[in-house]
Structure formats: C-alpha cells, structure tokens
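All remarks here apply to the structure that follows.
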Amino acid sequence: MRFVVIGNSAAGVAAVETLRRLGGYQHPITVVSDEPTGAYSRCLLPDLVAGKSTEYSIRLRPAEFYRRLEVELLAGVAAVEVRPGEKRLVLQDGRELAYDRLLVATGAGPVLPAVPGIEAEEVFTLRTLRDARRLSALVPRVSGAVVVGGGLVGLKAAMALKQAGLGRVTVVVTSPRLLIRQLDERAAAMVERELLNAGIDFIYNARVKAFITGSQGRLTGVELEDGRELPAGLAVVAKGVRPNSGLVAEAGGKVGQGIVVDGNMRTSLEDIYAAGDCIQVTDRLTGQKVNSALWTLAFEQGRYAAANMLGMARPYPAPEVFHEGYQFN
180 MRFVVIGNSA AGVAAVETLR RLGGYQHPIT VVSDEPTGAY SRCLLPDLVA GKSTEYSIRL
240 RPAEFYRRLE VELLAGVAAV EVRPGEKRLV LQDGRELAYD RLLVATGAGP VLPAVPGIEA
300 EEVFTLRTLR DARRLSALVP RVSGAVVVGG GLVGLKAAMA LKQAGLGRVT VVVTSPRLLI
360 RQLDERAAAM VERELLNAGI DFIYNARVKA FITGSQGRLT GVELEDGREL PAGLAVVAKG
420 VRPNSGLVAE AGGKVGQGIV VDGNMRTSLE DIYAAGDCIQ VTDRLTGQKV NSALWTLAFE
480 QGRYAAANML GMARPYPAPE VFHEGYQFN
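Using the numbering used here, read the sequence shown as starting at 180 and increasing by one per residue.
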C-alpha cells in the first residue's frame, strides 16, 4: 500500500510517525510540501524574530528524520490537483504521484483584509519560515511597526518585534479588549498590563482602512477608519487563518468550515483522509462545526488519521475549542 501525505507540519509529521510505528516499513510513504525546508514549529516563529531561537532550534524533527523513517520528502513543490478516480496527485512541476491512501494535511493560510496597500512588501504575515526571515531582515532598518490583530499570533508578533529592538510597536485591535476568544476581561487586562510594561501600545475598536505607501511603494504608515494615521516602517497582519481546503473542494469533496471529515478522519472522497488546520471538527461543548486551527489538535488528528489509513478504525473524539461568550461562576 502506498501512502502520500500533503503537508509537512504538525499533522503531517504526526501521521508519518504513526504510519511507521503502527504499520512498519513495508509501505512506501511520500510527503509533499510546498516549503523547501524540513518540518519546523510555526508556534516558535515569533521567537525566531525576537532572536530567542534559531532555525535549528525550532525544527520539529532532526534532519535525518525522513531518512530514518524511509520517507521520500518532496520539498519545495506544491500539490495542485487531486484525481480521486485515478488515485493520482498532480504536482506543480507536472509530476504525478499514485497513491492508495492520501492524507491532506495542508494546514491553513492567513486571512488578509481587502484594503489598499496590503500588497506592499513591508506588510507581513507570520505563518512561514520565509515570513520570519524577511521580517527579521527588515526590523533593523525601521523604527516602528503596526500589528493588526489582538489575538495570540498578533500579540506574540508584537512582543517579538519589541524584543528584536523596535522602539515603537502599536497593536490595532478590532474588539474592545485583547484575546476576546480566549480570556475574560480580568485575565485580558492582566495580559495587557504586561505588554504595556514592555512598551507596546494598543488601539481598540479600530479597523484598518489602508496601508499607506510612499512614492517608492514603501510602507510609511497605517490609516485607520476613523482617520488616524500611524507611522510604520513595517506591519504584521494577524487576523486569523482560513483552512487550505481547495484541493479537496476542487476534486468534488465536501467542505464547510474546512474539509469535512467523518469520525475516522475520512473525507467524502474515497481513500482520502484529512487532518490538522485544514479540516472542520465538531466542538464537544457546543456541537458546532468549527475550524480549530490548534497545534496540539493537529498533532492528535494526524495520529488518528494515520491509524485509520492503516485500517485500524480509531474514531477521533470531538475536541473542545476556544469560545467567545462563555462565563462560568
């Protein structure tokens, strides 16, 4: 049986390890990744920008990981089409891979607001190693930054920029307080106090109208809908993520708040499974269909998907996901 895994992050790595641990070494495994490097922790990218970590230290697995597990890694090439009827995966360079069982672990991509200037070179997301490298290279050349988004990624990015030496960092938050999905008002105020003490400023109940660029096309500031202009040499957009579900959708598979999977991580397409930030899960607390986009859940889902790809029938238990609006006394 030939296994192909699309994606080389948390879910993909966990799946590969589980396939080998439970299935032995008789099955060929190929991993396809659109990034040119081995697996690394996206959660630690802010530490890389801050100078607290190195590219070596944020690796998920050592360099010999793929060789040791006898896994073929096709790095730096994107999967562009799934042909379920033929059981073939088409790559960007024209190659086609045959599979018996396919795992889609394509993760999620950043949500970008549709505002003028978003395409400026100095407007970043912080989702990939390439993002972190480019951001780190620019930090010494500017004096201030604006971070758009008051969630976990935005706050970690703001702190990283401050620790990297930027004098002025301002966070623009749409909601009336920080971390509105994760924390109550008291806890959010504690986080805010720590960040204010670190020299980070906040603007609440605000939305970005445009990223301002000069005659050279370089970012010079951020304009808010209320007319205020914030000077900035760089900006980081952290407005959440959107599941990368296009491959399955274009192949005719069901997609909702992500790729729809059953309790055994199977998509609606025969012999195609999915795991990680690209899928829709059922929240255990609310029963709602949601996209979790949580690192720990991606690892867990990758393991369950692999076991089911091997025919072991391991149902995935519904997870609990962050909620807005629940208070318990």
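Virtual Cβ for every residue (Gly too), placed ideally from N, Cα, C.
Around the beta-carbon of residue 184, 16 or more other beta-carbon atoms lie within 10 Å, marking it buried. Sorting 326, 359 and 305 by C-alpha distance to the C-alpha of residue 411 places 326 at the top.
Residue 339 holds the alpha-carbon nearest to the alpha-carbon of residue 232 among 339, 477, 258 and 329. Under the criterion of beta carbons closer than 8 angstroms, residue 477 and residue 190 qualify as touching, at roughly 4 angstroms.
Linking residue 320 to residue 221 through their CA atoms gives a straight-line distance of about 25 angstroms. About 24 angstroms separates the CB atoms of residue 296 and residue 341; that is not less than 8 angstroms, and the two are not in contact.
In the three-state reduction of the DSSP assignment, residue 266 falls in the coil class, being assigned neither a helical nor a strand state. Look at residue 235 here: in three-state DSSP terms it is coil, with no helix or strand label. Shown here for residue 481: same chain residues with a beta carbon closer than 6 angstroms to its own, the five before and five after excluded, namely 190, 193, 194 and 454 in chain order.
Annotation: the continuous alpha helix (DSSP H) that includes residue 201 extends over 189-202. In its chain, beyond the 5 residues on either side, 294, 402, 403 and 404 have a beta carbon closer than 7 angstroms to the beta carbon of residue 388. Remark: C-beta atoms of residue 427 and residue 283 approach each other more closely than 7 angstroms. Taking all protein chains shown into account, residue 394 has fewer than 16 neighbouring C-beta atoms within 10 Å of its C-beta and is therefore exposed. The beta-carbon distance between residue 351 and residue 382, rounded to whole angstroms, is 5 angstroms. This is short enough to meet the 8 angstroms contact definition. Beta-bridge partners of residue 380 (DSSP): 349.
The continuous beta strand (DSSP E) containing residue 254 extends over residues 250-254. Taking 7 angstroms as the cut-off, the Cβ atoms of residue 347 and residue 328 do not count as close. When rounded, the separation of the alpha-carbon atoms in residue 375 and residue 358 is 15 angstroms.
The beta-carbon separation of residue 258 and residue 211, rounded to 5 angstroms, stays under the 8 angstroms limit for a contact. The residues 443, 483, 486 and 487, in chain order, have a CB closer than 8 angstroms to that of residue 493 in the same chain once the five nearest residues on each side in sequence are set aside. A distance below 6 angstroms between beta-carbons, with the five flanking residues on each side excluded, links residue 429 to no residue of its chain.
In the DSSP assignment, residue 283 falls within the unbroken beta strand (DSSP E) covering 280-283. DSSP places residue 490 in the coil class of the three-state scheme, outside both helix and strand. Bounds of the alpha helix (DSSP H) holding residue 225 are 224-229. Per DSSP, residue 342 is one residue of the alpha helix (DSSP H) stretching across 331-342. Between residue 271 and residue 261, the C-beta gap is not smaller than 7 angstroms, which leaves the two residues out of contact. For residue 336, the closest C-alpha among the options 225, 286 and 290 is that of 225.
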